[in-house]
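Chains as they are written, first to last, in the numbering used here: chain A, 1 to 314; chain B, 1 to 255.
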Amino acid sequence: MRLAGLILLLLLLALLSLSAGRTWLAPPALVDALMDPEGAGRMIWRLRMPRLLVGLAAGAAFGLSGLVFQTLLRNPLASPDVIGVTQSAAFGAVAALLLGGPVVLGAWSGGLAAIAILGWLAAHPRLGVEPRAVVLQGLALAIFAGAGTEALILQMTDSSAGMAMTWLSGTLNGAGWPEVVRSLWLAPMLLPLLLAGRALDRLELGDDLVRALGVRVGLLRAGLGLLAALTAAGAVSLCGPMGFVALAAGPVARVIARGRPAPVAAMLTGAAFVTLADILARAIAPAALLPTGLYTALIGAPVLILPVRRMARS
Amino acid sequence: MLFDIRNLAIRLGDTPVLHGLNFSLPSGGITGIIGANGSGKTTLLRALAGLLAPETGEVLHEGLHVTRMAARDRARRIAMLPQSALAPPGLTVRQLVARGRTPWLRPFLPMTPTDRAAVERALEAVGLTELAGRAVESLSGGQRQRAWIALVLAQESGTILLDEPLNFLDLPHQAELVALLKRLGEKRSVVMILHDLTIAARVCDQVLSLNEGRLVAFGPPEAVLAPEPLRRTFGIGFDCITLPDGRPVVLPAGL
Chain A
1 MRLAGLILLL LLLALLSLSA GRTWLAPPAL VDALMDPEGA GRMIWRLRMP RLLVGLAAGA
61 AFGLSGLVFQ TLLRNPLASP DVIGVTQSAA FGAVAALLLG GPVVLGAWSG GLAAIAILGW
121 LAAHPRLGVE PRAVVLQGLA LAIFAGAGTE ALILQMTDSS AGMAMTWLSG TLNGAGWPEV
181 VRSLWLAPML LPLLLAGRAL DRLELGDDLV RALGVRVGLL RAGLGLLAAL TAAGAVSLCG
241 PMGFVALAAG PVARVIARGR PAPVAAMLTG AAFVTLADIL ARAIAPAALL PTGLYTALIG
301 APVLILPVRR MARS
Chain B
1 MLFDIRNLAI RLGDTPVLHG LNFSLPSGGI TGIIGANGSG KTTLLRALAG LLAPETGEVL
61 HEGLHVTRMA ARDRARRIAM LPQSALAPPG LTVRQLVARG RTPWLRPFLP MTPTDRAAVE
121 RALEAVGLTE LAGRAVESLS GGQRQRAWIA LVLAQESGTI LLDEPLNFLD LPHQAELVAL
181 LKRLGEKRSV VMILHDLTIA ARVCDQVLSL NEGRLVAFGP PEAVLAPEPL RRTFGIGFDC
241 ITLPDGRPVV LPAGL
């Protein structure tokens, strides 16, 4: 029931996103435009539709990755953008840009490197990977990767440095059909995570009990962590390290799913979140075209505070 | 034999915790594990559950190595309730108990009628059928502990390991849970860590005592819960009285 509401909200936001921009379209005009891709709908189909689709894909990926990391590390703050996975992916992407390589591979390498470093740093000889250590060392990694990215940008010419800075706040400007095709690469990572609801649910029972229930915790945690890192890095390669989406989507999705870690709800929440931010980006200052990431942070902060307060009360 | 423990030594990190244990537990009934804090009780229980790899020696459950069994098969034979199990948020009692069916579920498929029936039987056995729809957070301490026991019951394993199941319960709730555990011991084999020695004397068919990772005594309660073995287990003197039914009551001497 609540999930149906979320899907309805996402559909409405998607329609609103298609009509929003420098020229707003009333519903009849939107329908006409959607029916006529070659004539009246050229602008919608060439610019707004791919932008919407890339935003949905990136938002879904960020949201899902956030929920998975928060559940694995038993910490509502431990999203990929807090523990340095997103920042490392951004570093990899900027490095790829500077070296002229494919951005996706750069982002994935960065994300994988982050997971490897965190796993190695936080592995405890006796207890396995200690969640609190991952979160704290991840904070340090985020700062370190951020500094590295700035150092790379200083090597760039002024104009490309400006573009890189916009990209680093997370932007859907310039997202076109090639990016939509690239976002399909997220599917092989999103699908297993979507099916991981039961696994995430069991992990919340605590390691000893889950293992006694026959779940292979170490394997599960490593596999899910790897997939979630690749998912977040893939999203970074599409629209830059958009802040707050992964962090806020998890807790909000939990409120929607009555406290349970529900992957589908997290994915829909992340997608709705980015779509809403992008509508604001084009509605509030259509001429300036400020990065969408600015607005995810703007609405993300209050949206995050609400469920956290609710969790604290119960 | 339920468990055959041969020359079992376990190290946690650099610290040796268990030093060459040897004993065999018969099937059925209730076995109590007693010992001071840090004597290796929980480590032993985790080793019995197959959650710890021995440094040397072996743990056999009905003749099979617990660490070599496939995880699901092991979970269908041996259930374990850790001491500080945390209830995830947002679950009803029935949903929590249903988590015990994990080793029986087919991947990605919902519970079958068999699973549901097992959950209802477990709820019935601990007397929580009426409260099954309530949120776990809203239960009292005693009810919550019964819900955890029901989770382990729903697992339908022949062997149940419990780490201090009576902790943090007041006397009436302890008595209630003891009665439940006794009924449990009639059908399945139960091994549990206990702090209260007098309760151990009343519930257990046999008691095993540990001191600094070594086996001190193993046998019927009246043999293990006697002044001399208790002094070697805890390092202090004990006064023991025997009740008319033959079970001992134990108090530290000089209290």
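Heads up, the beta-carbon is just placed ideally off N, CA and C, and yes, glycines get one too.
- In the DSSP assignment, valine 250 of chain B forms a beta bridge with B/Cys240.
- Here aspartate 278 of chain A carries a helix assignment [DSSP, helix/strand/coil].
- Runs of the alpha helix (DSSP H) lying entirely within the segment 234-294 of chain A and spanning at least 4 residues, in chain order: 245-256 and 263-284.
- Close partners of glycine 206 of chain A in chain B (Cβ separation under 7 Å): Pro82, Ala85 and Leu86.
- Flagged as an interface residue toward chain B: leucine 195 of chain A, by a C-beta distance shorter than 8 Å.
- For arginine 6 of chain B, the enclosing beta strand (DSSP E) begins and ends at 3-12.
- For phenylalanine 168 of chain B, the number of other beta carbons within 10 angstroms of its own is below 16, and it is reported as exposed.
- The C-beta separation of valine 126 of chain B from alanine 150 of chain B comes to about 4 Å, placing the pair in contact by the 8 Å criterion.
- Per the coordinates, the alpha-carbon of leucine 280 of chain A lies some 12 Å from the alpha-carbon of alanine 297 of chain A.
- Here serine 39 of chain B carries a coil assignment [DSSP, helix/strand/coil].
- Rounded to whole angstroms, the separation of the alpha carbons of serine 169 of chain A and leucine 209 of chain A is 42 Å.
- Selection A/Leu152, A/Leu141 and A/Pro178 evaluated against isoleucine 83 of chain A yields A/Leu141 as nearest (Cα-Cα).
- Membership of glutamate 179 of chain A in the alpha helix (DSSP H) is indicated by the continuous run 177-183.
- If one requires a minimum length of 3 residues, the beta strand (DSSP E) runs lying completely within the segment 151-188 of chain B are 159-163, in chain order.
- Beta-bridge partners assigned by DSSP to isoleucine 33 of chain B: B/Ile193 and B/Leu208.
- The Cβ atoms of alanine 89 of chain A and proline 286 of chain A lie no closer than 8 Å to each other.
- Note on geometry: alpha-carbon atoms of arginine 22 of chain A and arginine 282 of chain A lie some 7 Å from one another.
- Spatial neighbours of leucine 224 of chain A in its own chain (CB-CB distance under 8 Å, excluding positions within 5 residues in sequence) are listed in chain order as Val68, Leu72, Leu193, Ala196, Ala199 and Leu200.
- Around the beta carbon of glutamine 87 of chain A, a 10 Å sphere encloses 16 or more other beta carbons of the protein chains shown; the residue is thus reported as buried.
- Taking a Cβ-Cβ threshold of 8 Å, none of the residues of chain A is close to alanine 53 of chain B; the smallest such distance is about 12 Å.
- Interface criterion not met: the Cβ of glycine 270 of chain A is under 8 Å from no Cβ in chain B.
- Restricted to the segment 56-116 of chain B, the alpha helix (DSSP H) segments that are unbroken, complete and at least 4 residues in length are 71-77 and 93-98, listed in chain order.
- When only Cα atoms are considered, alanine 253 of chain A and methionine 189 of chain A end up about 19 Å apart.
- DSSP places glycine 59 of chain A within a helical segment (H, G or I) once states are collapsed to three.
- Using a CB distance cut-off of 8 Å, proline 172 of chain B does not count as an interface residue toward chain A.
- Short of 6 Å from the beta carbon of glycine 92 of chain A, and not among the five residues preceding or following it, lie these beta carbons of its own chain, in chain order: Gly106, Ala107, Ser109 and Gly110.
- Between the alpha carbons of cysteine 240 of chain B and leucine 139 of chain A lies a distance of about 57 Å.
- Residue contact check for alanine 212 of chain A against chain B: a CB pair falls below 8 Å.
- By the C-beta density criterion, histidine 61 of chain B is buried, having at least 16 other C-beta atoms within 10 angstroms.
- Scanning chain A for C-beta atoms nearer than 7 Å to the C-beta of glycine 90 of chain B yields Arg258, Gly259 and Arg260, reported in chain order.
- Per DSSP, reduced to three states, the secondary structure at leucine 13 of chain A is helical.
- Residue-level contact by beta carbon holds for valine 215 of chain A and chain B, with a gap shorter than 8 Å.
- Within 10 angstroms of the beta-carbon of glutamine 155 of chain A lie fewer than 16 other beta-carbons, which makes it exposed.
- A Cβ-Cβ distance of about 4 Å is found for the pair aspartate 205 of chain B and glycine 29 of chain B, placing them in contact under the 8 Å criterion.
- Residues of chain B with a Cβ closer than 8 Å to the Cβ of arginine 202 of chain A are, in chain order, Arg99 and Thr102.
- Linking glycine 142 of chain B to proline 131 of chain A through their CA atoms gives a straight-line distance of about 30 Å.
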